[in-house]
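Trainee: One structure, pasted below without further comment.
2 protein chains.
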Amino acid sequence: MTKMWKEIYEQPTVLQNCLIQNTQIINDIIKDIDSRKINNVVIVARGTSDHAGIYGKYIIEHNLGIPVALAAPSIITMYNKKLLLTNSLVIAISQSGQAEDVLEVIKCANEQEAITIGITNFESSPIATNSKYHLYTAAGVEESVAATKTFTSQMMNMALLVAKWSNDEQLISKLSLVPKNVRETLKLSETIVSHISDYVEMNDCFVLSRGINYAIALESALKIQETTYVKAKGYAISDFHHGPFAMVGQQTPVIIYAPEGPSLADANEMITKLKKVGASLIIVTNNQQLLNENKNTFAIPMCDNDLITPFYNIIFAQMFACLLALAKGLNPDQPRGLNKVTITR
Amino acid sequence: MTKMWKEIYEQPTVLQNCLIQNTQIINDIIKDIDSRKINNVVIVARGTSDHAGIYGKYIIEHNLGIPVALAAPSIITMYNKKLLLTNSLVIAISQSGQAEDVLEVIKCANEQEAITIGITNFESSPIATNSKYHLYTAAGVEESVAATKTFTSQMMNMALLVAKWSNDEQLISKLSLVPKNVRETLKLSETIVSHISDYVEMNDCFVLSRGINYAIALESALKIQETTYVKAKGYAISDFHHGPFAMVGQQTPVIIYAPEGPSLADANEMITKLKKVGASLIIVTNNQQLLNENKNTFAIPMCDNDLITPFYNIIFAQMFACLLALAKGLNPDQPRGLNKVTITR
Chain A
1166 MTKMWKEIYE QPTVLQNCLI QNTQIINDII KDIDSRKINN VVIVARGTSD
1216 HAGIYGKYII EHNLGIPVAL AAPSIITMYN KKLLLTNSLV IAISQSGQAE
1266 DVLEVIKCAN EQEAITIGIT NFESSPIATN SKYHLYTAAG VEESVAATKT
1316 FTSQMMNMAL LVAKWSNDEQ LISKLSLVPK NVRETLKLSE TIVSHISDYV
1366 EMNDCFVLSR GINYAIALES ALKIQETTYV KAKGYAISDF HHGPFAMVGQ
1416 QTPVIIYAPE GPSLADANEM ITKLKKVGAS LIIVTNNQQL LNENKNTFAI
1466 PMCDNDLITP FYNIIFAQMF ACLLALAKGL NPDQPRGLNK VTITR
Chain B
1166 MTKMWKEIYE QPTVLQNCLI QNTQIINDII KDIDSRKINN VVIVARGTSD
1216 HAGIYGKYII EHNLGIPVAL AAPSIITMYN KKLLLTNSLV IAISQSGQAE
1266 DVLEVIKCAN EQEAITIGIT NFESSPIATN SKYHLYTAAG VEESVAATKT
1316 FTSQMMNMAL LVAKWSNDEQ LISKLSLVPK NVRETLKLSE TIVSHISDYV
1366 EMNDCFVLSR GINYAIALES ALKIQETTYV KAKGYAISDF HHGPFAMVGQ
1416 QTPVIIYAPE GPSLADANEM ITKLKKVGAS LIIVTNNQQL LNENKNTFAI
1466 PMCDNDLITP FYNIIFAQMF ACLLALAKGL NPDQPRGLNK VTITR
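If you're matching them up, the sequences are chains A and B in order.
Numbering (the numbering used here) for the first sequence: 1166 to 1510.
Numbering (the numbering used here) for the second sequence: 1166 to 1510.
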């Protein structure tokens, strides 16, 4: 068994830990936020953590309406300029808590007395200790280079923070069911195992979604890239119409997330368009009609809240990437050219 | 001659028109901004226009320090939620001025009395007429599906707005030289023509840059995608270390922008790393050492301001994409599956 596979399976436990361990600190953060006038939110992260940041952007804008800027750290670290963050909430996300450029943004925010939150997997890391508040991903050591359990626990921290900040009791209650449903989603492994040989010759693919699952399209593509070297690229369905669609030809592999909910109509429209040009579709959905009428479908749990489906969709992608790497004779734990901790300045 | 090629060559004139035609309206916008307390900037766009938006994000954060959020229109159009934009400057960018989801964000902002600006190529378009201010890209009709002249004129409008807003006289003066230097950059066509047959078998490639030229890496990849169907992907060098680097193998084509200035050290580091794994490099630079020591280099004009180099770098990519399409026997004016005006809801 690979480390990546083992860590994928740890996620129900990790997510449960996350929910338990961060409740008190999140209450403290909300009190601080409520005592201040927060005009904007800035999220800063790299790689997989950046995709948890995109999830965070959607969930904050959805539930609170506050525009979220994803920071370009180079403004501070490369151009030596200062961002105005006086009335900002600044959230840094980093598995290791060591990303230097991410840390610089937190320091810049602290100087201006912004509220700063670090979401990391190491309580004594520079980002954890330099942030006013630390949200702990409680994942235990992640040994695989390809991040899995720390990604979902970063999302869980973001979601819990926003659910409490926006007094969304329904979301809080649904989040408490995520660990159980993630465990359910892991059973997809059997279906993926039985189909994976169909994809062993895959050299490139697209991963599409709409709305908050855009974060998952990007993260899915990254998982596939770093473990299988397949040139995978994630797009929002809405952007894919603007140019990238031209790249799709006969048999081009396209993974599409089509959960029940507000994005289903757009996903269905794209599926029809892709079928017309002969793309080879892989559909991840909980829509019964899509499951009945298509081959190569992968079923996620039923869910009536689009802010929750990312947790189930990413489980598919993590398992797909890991199993495809093995089917290709690669070791997903040892991607060429990568290190676990990437320091970018 | 293709329409795309003709329109690439119109850019010096278009950019000159842009500088002349928008000066007065920009002065009015600045007065309005200065009379208000603007806490954040939201930019909304799709496709190529979104890349002009990313350029806008960098130049605003660089010169003014105000965090810029790139809007996810689905929050409003798909989830039916409202963004809080009372003290925001909201900039919509759309070639046609017809993008429905972009228009919805402008309407939401108008209701909250935010300052709204539409940057379009049609003065009577819905986005132009619904925005408080209209910045005109003054490009004449763009017939090629692949946007070229409207992209650089969108960037010019953003740059001129920011230069005046931040009282950056040096930048204003440098922008006035851009039309002439773009004309100079067009001479690169001879070098590209003489090398293009080397790339006719290209099926995929990466396009890398750092800092503000990240916008150009993305736009370059999109131009190559839509005209040649090559699976091109743009990345910030800083993100490329985090996972995507694993996809690079022997002879993988990588286009890298390495202009003189603050990003050069990172570009050089990445070039060294890419050479070690045997990537096939295409370097766009004005650094004499890189030009001397490498094959497959393309020289852009000398420039001491990193906010300006995007105008020269994108000229390379537009010409490269158009010529590669022709070398592959494709018509760059008629990408499969695409229309000039893409309406996303």
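The C-beta atom is built at its ideal place from N, Cα and C for all residues, glycine as well.
If we define contact as Cβ-Cβ less than 8 Å, is L1184 (chain B) a contact residue for chain A?
Mentor: no
Trainee: Please report the straight-line C-alpha distance between M1367 (chain B) and F1371 (chain A), rounded to a whole angstrom.
Mentor: 18 Å
Trainee: Let's test the definition: count the other Cβ atoms within 10 Å of the Cβ of V1358 (chain B) and tell me whether it reaches 16, buried, or not, exposed.
Mentor: exposed
Trainee: Decide if the segment 1168-1186 of chain B is in contact with the segment 1333-1345 of chain A; the criterion is three or more beta carbon pairs, one per stretch, under 8 Å apart.
Mentor: no
Trainee: Restricting to Cα atoms, I'd like to know which of A:Y1174, A:I1284, A:I1219 and A:I1194 is closest to Y1400 (chain A).
Mentor: Cα-wise, what sits closest to Y1400 (chain A) is A:I1219.
Trainee: Evaluate V1365 (chain B) with the Cβ neighbour count: other Cβ atoms within 10 Å of its Cβ, from every protein chain shown; 16 or more gives buried, anything less gives exposed.
Mentor: exposed
Trainee: Applying the 10 Å Cβ sphere with the 16-neighbour rule, what's the burial state of K1441 (chain B)?
Mentor: Exposed, since its Cβ has fewer than 16 Cβ neighbours within 10 Å.
Trainee: Taking Cβ-Cβ distances below 8 Å as the criterion, which residues of the segment 1231-1243 of chain A are in contact with chain B?
Mentor: The segment 1231-1243 of chain A vs chain B, Cβ under 8 Å: I1231, P1232, V1233, A1234, L1235, A1236, A1237, P1238, S1239, I1240 and M1243.
Trainee: Kindly indicate which three-state DSSP category A1210 (chain B) falls into: helix, strand or coil?
Mentor: In this structure, DSSP gives A1210 (chain B) an extended state, which the three-state scheme calls strand.
Trainee: Using 8 Å as the cut-off, can you tell me whether the segment 1369-1384 of chain B makes contact with the segment 1420-1440 of chain B, which would need three or more C-beta pairs spanning the two stretches below that distance?
Mentor: Contact between the segment 1369-1384 of chain B and the segment 1420-1440 of chain B is present, because at least three Cβ pairs lie under 8 Å.
Trainee: According to DSSP, is L1417 (chain B) part of a helix, a strand, or is it coil?
Mentor: Residue identity check: residue 1417 (chain B) is Thr in the sequence provided, not Leu. Three-state result, T1417 (chain B): coil.
Trainee: Please report how far the alpha carbon of T1317 (chain B) lies from the alpha carbon of N1452 (chain A), in whole angstroms.
Mentor: 43 Å
Trainee: Could you tell me which residues DSSP pairs with F1476 (chain B) in its beta bridges?
Mentor: In DSSP, F1476 (chain B) forms no bridge with anything.
Trainee: Residues in the same chain with beta-carbon distance under 6 Å from A1210 (chain A), minus the five sequence neighbours each way, listed in chain order, please.
Mentor: Excluding sequence neighbours, A1210 (chain A) sits near G1218 and I1258.
Trainee: What residue ranges within the segment 1371-1456 of chain B form continuous beta strand (DSSP E) runs of no fewer than 3 residues, ordered along the chain?
Mentor: 1396-1401, 1418-1423 and 1445-1450
Trainee: My understanding is that C1487 (chain B) touches Y1477 (chain B), with C-beta atoms under 8 Å, so please give their C-beta distance in whole angstroms.
Mentor: That pair is no contact at about 16 Å.
Trainee: Along the chain, where does the alpha helix (DSSP H) containing Y1298 (chain B) start, and where does it finish?
Mentor: Looking at the DSSP string, Y1298 (chain B) is not in any alpha helix (DSSP H); the run it does join, the beta strand (DSSP E), is Y1298 to Y1301.
Trainee: Closest to Q1277 (chain A) by C-alpha separation, out of A:L1254, A:T1356, A:L1325 and A:E1349, would be which residue?
Mentor: A:L1254
Trainee: What residues match up with I1258 (chain A) in a beta bridge as DSSP calls it?
Mentor: A:A1210 and A:I1284
Trainee: Which residues, taken in chain order from the segment 1255-1281 of chain B, show a beta carbon closer than 8 Å to some beta carbon of chain A?
Mentor: D1266
Trainee: Quick one: what does DSSP say S1341 (chain B) is sitting in, helix, strand or coil?
Mentor: coil
Trainee: Do the segment 1396-1414 of chain A and the segment 1349-1358 of chain A make contact, defined as three or more Cβ pairs closer than 8 Å?
Mentor: no
Trainee: Tell me which same chain residues have a C-beta within less than 7 Å of the C-beta of V1270 (chain A), skipping the five on either side of it?
Mentor: Counting only Cβ-Cβ distances below 7 Å, and skipping sequence neighbours, we find V1209, A1236, P1238, I1241, V1255 and A1257.
Trainee: Quick one: what does DSSP say T1251 (chain A) is sitting in, helix, strand or coil?
Mentor: coil
Trainee: Let me see if you follow: with CB-CB separation under 8 Å, is N1204 (chain A) close to chain B or not?
Mentor: yes
Trainee: Give the straight-line distance between the Cα atoms of I1231 (chain B) and K1246 (chain A), rounded to the nearest whole angstrom.
Mentor: Taking the straight line joining both Cα atoms gives about 11 Å.
Trainee: Which whole-angstrom value describes the C-beta separation of D1333 (chain B) and N1187 (chain B), a residue pair presumed to lie in contact below a C-beta threshold of 8 Å?
Mentor: Actually they do not touch by this definition, with Cβ atoms about 16 Å apart.
Trainee: With DSSP as the reference, please indicate the residues paired to L1235 (chain A) in a beta bridge.
Mentor: A:I1208
Trainee: For the pair the segment 1381-1400 of chain B and the segment 1455-1467 of chain B, tell me if three or more CB-CB distances fall below 8 Å.
Mentor: No, because fewer than three Cβ pairs between the segment 1381-1400 of chain B and the segment 1455-1467 of chain B fall closer than 8 Å, the two stretches do not touch.
Trainee: Under the assumption that H1299 (chain A) contacts E1288 (chain A) (Cβ atoms under 8 Å), give the Cβ distance between them as a whole number of angstroms.
Mentor: About 6 Å separates the two Cβ atoms, so the contact holds.
Trainee: For A1464 (chain A), write down the residues that DSSP places opposite it in a beta bridge.
Mentor: Partner(s): A:T1450.
Trainee: Among A:A1411, A:Q1415 and A:I1447, which one has its Cα closest to the Cα of I1421 (chain A)?
Mentor: Distances from the alpha-carbon of I1421 (chain A) to those of A:A1411, A:Q1415 and A:I1447 put A:I1447 closest.
Trainee: Residues in the same chain with beta-carbon distance under 8 Å from I1282 (chain A), minus the five sequence neighbours each way, listed in chain order, please.
Mentor: I1194, L1254, V1255, I1256, A1257, S1296, K1297, Y1298, H1299, L1300 and L1326
Trainee: Along the segment 1287-1316 of chain B, what residues have a CB closer than 7 Å to any CB found in chain A?
Mentor: For the segment 1287-1316 of chain B, the set of residues with a beta-carbon nearer than 7 Å to any beta-carbon of chain A is empty.
Trainee: State yes or no: is the beta carbon of Q1390 (chain A) nearer than 8 Å to at least one beta carbon in chain B?
Mentor: Interface with chain B (8 Å Cβ-Cβ cutoff): Q1390 (chain A) is included.
Trainee: Within its chain, find whatever has a CB closer than 8 Å to the CB of D1471 (chain A); leave out the 5 residues flanking it on each side and keep chain order.
Mentor: Taking D1471 (chain A) as the centre and dropping the five residues before and after it, the same chain places the C-beta of G1376, I1377, N1378, P1424, G1426, P1427 and S1428 closer than 8 Å to its C-beta, in chain order.
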